[in-house]
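J.: In the numbering used here, each number is its position in the sequence shown, counted from 1, plus 23. Cβ atoms here follow ideal geometry from the backbone N, Cα and C, with glycine treated the same way.
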Amino acid sequence: MCPDPCYDVIVVGGGPAGSAASIILRTEKLRVLLLEKSTFPRDKPCGGCISQKTVTFLSERFDTSVTELRQKQVITGKADSVDIWINGSNVFSHTLDIPFYFINRALYDSYLLNLAKEAGTEVHEGTTVLTTDPILGTVQLADGRVIQSSVIIGADGVHGNMRFYLPSYSQEKDTWRSNLAIGIKGTIPWDRWNSKQAGLRPDCCRPSHAGLFFGVVPYGYGWAFPHREGVQLGIGGLIRKNRGKLREHFIRFLRLFGTDPSEMANIRGYPLPFGMVHADAGYKRLLIAGDAAGYIDPLMGEGIFYAHRTWELAALAAIDGIRSGILPDIMYQKYLREFLIPDIRWMKIYSDVIYTGLACHLDIIISGVIHLSGPYIIHNVSNGWGSEINKVW
Ligand SMILES: Cc1cc2nc3c(=O)[nH]c(=O)nc-3n(C[C@H](O)[C@H](O)[C@H](O)COP(=O)(O)OP(=O)(O)OC[C@H]3O[C@@H](n4cnc5c(N)ncnc54)[C@H](O)[C@@H]3O)c2cc1C
24 MCPDPCYDVI
34 VVGGGPAGSA
44 ASIILRTEKL
54 RVLLLEKSTF
64 PRDKPCGGCI
74 SQKTVTFLSE
84 RFDTSVTELR
94 QKQVITGKAD
104 SVDIWINGSN
114 VFSHTLDIPF
124 YFINRALYDS
134 YLLNLAKEAG
144 TEVHEGTTVL
154 TTDPILGTVQ
164 LADGRVIQSS
174 VIIGADGVHG
184 NMRFYLPSYS
194 QEKDTWRSNL
204 AIGIKGTIPW
214 DRWNSKQAGL
224 RPDCCRPSHA
234 GLFFGVVPYG
244 YGWAFPHREG
254 VQLGIGGLIR
264 KNRGKLREHF
274 IRFLRLFGTD
284 PSEMANIRGY
294 PLPFGMVHAD
304 AGYKRLLIAG
314 DAAGYIDPLM
324 GEGIFYAHRT
334 WELAALAAID
344 GIRSGILPDI
354 MYQKYLREFL
364 IPDIRWMKIY
374 SDVIYTGLAC
384 HLDIIISGVI
394 HLSGPYIIHN
404 VSNGWGSEIN
414 KVW
């Protein structure tokens, strides 16, 4: 018999992979408990770039429009054009048919968490989950309580421990480690940015324009994104290819723009999985979503969309499992293989070509590849590589 309180689904983590899962589950009238260790609004180091597929996702799933997100100051910037630079040369400039938007992550995550609360999800902030039992469907909290449900969605991010309970993780620990990157970012306010001599730096960034910089860090890239408060400059690169050097690369990157850390606000670094392509993210009653399972685009490091999409697939598998009385893990893996993995595989091919090519000093060839295929890559990064990526049920 189900103990009291009894839940159909427990979601661990209130980031993009967790909070929204509970919205879709609640529309099925399931009893959903979301446990989040911090108290929102909480900041999460992020470039804050969202592509068209995320905008489409938010609009189709929650009826949330760009206009509404702008009014709520969740969207703080937009890019209508993008430049790609390789080792100081501008190899590609492109006007975007569909803009990239830039969000304030603290407000974005809070917005989604509020939607979950409004939909009837029971949300406990400041509550840390210590362990889980995927067979019994229980979680143990830091205060010692044990709570049970039919399905647990582990959406506890890159630092989370829910994935440790997947048998496949113990076999893939080395792959996980070797694909871990660190991103470092900071913001230079517009008044300081504009007071710099424009000629000293790449013609980027101005409001409504984004810059991507390859070659500034091995197996990674740098970015200049227009946010409302200023230009966000950041780099991200694989840890194993940049041992102890990422801060140095970041400082060198800032110098490109005639600036240094003393002029920047809110400099923060944070890990991100960057190149995992595995589909066995479910075991018995436990389904892992978002960064916790390594679902980030291995070319650009875009993770918000994949966090949303994996929670949706996890939620659908949970609903199937609860309705039919069978365990949800097999269904989740089937959905991942069908609707998500092909997209990430395409990007892995591109990222291997670009990052390995640059590491082998094939700048001219890679510049040619980017020059010729740039519009195609940007279109697919923005909209997804396959028609199924945003398929609605
Ligand atoms: C520097 C940087 C720049 C990036 N830029 C972009 C970008 O421009 N665009 C983009 O799309 N992606 C970007 N990403 C990736 C993106 O930030 C992540 O993919 C995204 O945050 C993943 O969401 P998530 O819900 O899986 O994890 P998170 O956002 O990390 O959320 C996990 C949540 O789980 C909670 N939690 C953890 N452990 C527990 C526990 N034991 N109990 C309860 N709660 C717990 C945490 O407090 C947290 O709130 C960037 C990443 C970095 C590091």
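#1: To the nearest angstrom, how far is it from the Cα of S42 to the Cα of W334?
#2: Quick one: what does DSSP say S82 is sitting in, helix, strand or coil?
#3: Find out if the Cβ-Cβ distance for the pair A139, S45 is shorter than 7 Å.
#4: Taking DSSP as the reference, what is the three-state secondary structure of I400?
#5: For the 8 Å Cβ check, are there 3 or more pairs between the stretch 126-144 and the stretch 401-412?
#6: Can you tell me whether DSSP reads S61 as helix, strand or coil?
#7: In chain order, what residues of the same chain have a beta carbon less than 7 Å from the beta carbon of Y188, not counting five sequence neighbours either side?
#8: Using the three-state DSSP reduction, which class does A337 fall into: helix, strand or coil?
#9: Would you kindly work out how many angstroms separate the C-alpha atoms of L261 and A382, rounded to a whole number?
#10: Per DSSP, what kind of secondary structure is S42 in: helix, strand or coil?
#11: Since D7 and G326 should fall inside the 8 Å C-beta cutoff, what is the C-beta to C-beta distance between them, to a whole number of angstroms?
#12: Compute the minimum distance between the beta carbon of V152 and the heavy atoms of ligand 1, and state whether it is under 6 Å.
#13: Is S61 a contact residue of ligand 1, with contact defined as CB to any heavy atom under 6 Å?
#14: Once the 5 residues before and after Y378 are set aside, which same chain residues still bring their CB inside 7 Å of it?
#15: Can you tell which of V89, I109, V35 has the C-alpha that lies nearest to the C-alpha of V392?
#16: Quick check on DSSP: helix, strand or coil for R360?
#17: Among all the DSSP beta bridges, which residues are the ones paired with K101?
#18: Assign Y30 to buried or exposed, taking buried as 16 or more other Cβ atoms, counted over all protein chains shown, within 10 Å of its Cβ.
#19: Short of 7 Å in beta carbon distance, which residues of its chain neighbour G397, apart from the five on each side in sequence? Order them along the chain.
#20: Return the CA-CA distance between P249 and R229, expressed in angstroms with no decimal places.
#21: Report buried or exposed for W246, applying the criterion of at least 16 other Cβ atoms within 10 angstroms of its Cβ.
#22: Pick helix, strand or coil for K208, following the three-state DSSP scheme.
#23: How about Y318 and L336: are their beta carbons less than 7 Å apart?
#24: Going by other Cβ atoms of all chains shown within 10 Å of its Cβ, with 16 needed for buried, is L53 buried or exposed?
#25: Look at I205 and L279 and say whether their C-beta atoms are less than 7 Å apart.
#26: Mind checking which residues open and close the beta strand (DSSP E) that includes S231?
#27: Put E145 into one of helix, strand or coil per three-state DSSP.
#28: Is K414 near ligand 1, in the sense that its beta carbon is under 6 Å from a heavy atom of that ligand?
#29: Counting along the chain, where does the beta strand (DSSP E) carrying P249 start and finish?
#30: Any idea if R168 is buried or exposed, counting beta-carbon neighbours within 10 angstroms, 16 or more meaning buried?
T.: Checking against the coordinates, here is how it stands:
#1: S42 and W334: Cα-Cα distance of roughly 9 Å.
#2: Helix.
#3: Less than 7 Å divides the Cβ of A139 from the Cβ of S45.
#4: Of the three classes helix, strand and coil, the one that applies to I400 here is helix, per DSSP.
#5: In short, these stretches do not touch, since the Cβ pair count stays below three.
#6: Here S61 sits in coil by DSSP.
#7: Cβ neighbours of Y188 beyond the five flanking positions: T155, P157, Y306, L309.
#8: Looking at A337 - three-state DSSP - the assignment turns out to be helix.
#9: Each residue's alpha carbon lies about 12 Å from the other.
#10: In the structure shown, S42 adopts helical secondary structure according to DSSP, grouped into three states.
#11: Nothing can be reported for residue 7: it is not among the residues displayed for the chain, which extend from 24 to 416.
#12: A distance criterion of 6 Å places the beta-carbon of V152 in contact range of ligand 1, judged by its closest non-hydrogen atom.
#13: Yes - ligand 1 has a heavy atom lying nearer than 6 Å to the Cβ of S61.
#14: For Y378, where only same-chain residues beyond five positions count, the Cβ hits under 7 Å are Y242.
#15: Taking only the C-alpha atoms, the option nearest V392 is I109.
#16: DSSP, reduced to helix, strand and coil, places R360 within a helical segment of the structure shown.
#17: Beta-bridge analysis with DSSP links K101 to Y124.
#18: Around the Cβ of Y30, a 10 Å sphere holds 16 or more other Cβ atoms; the residue is buried.
#19: For G397, same chain residues with a beta-carbon under 7 Å away, outside a window of 5 residues either side, are I107, F115, H117 in chain order.
#20: A straight-line Cα-Cα distance of about 7 Å links P249 and R229.
#21: Residue environment analysis places W246 among the buried positions, since at least 16 neighbouring C-beta atoms fall within 10 angstroms of its C-beta.
#22: In the displayed model, K208 falls within a strand according to three-state DSSP.
#23: It is not a contact, given that the beta carbons lie outside the stated cut-off.
#24: Buried, since its Cβ has 16 or more Cβ neighbours within 10 Å.
#25: Going by beta carbons, I205 and L279 fall outside the 7 Å limit.
#26: Here the beta strand (DSSP E) through S231 covers 231-237.
#27: Correct three-state label for E145: strand.
#28: Set against 6 Å, the gap from the CB of K414 to the closest heavy atom of ligand 1 is not smaller.
#29: Start and end: 243-249.
#30: The residue is exposed, with fewer than 16 neighbouring Cβ atoms inside 10 Å.
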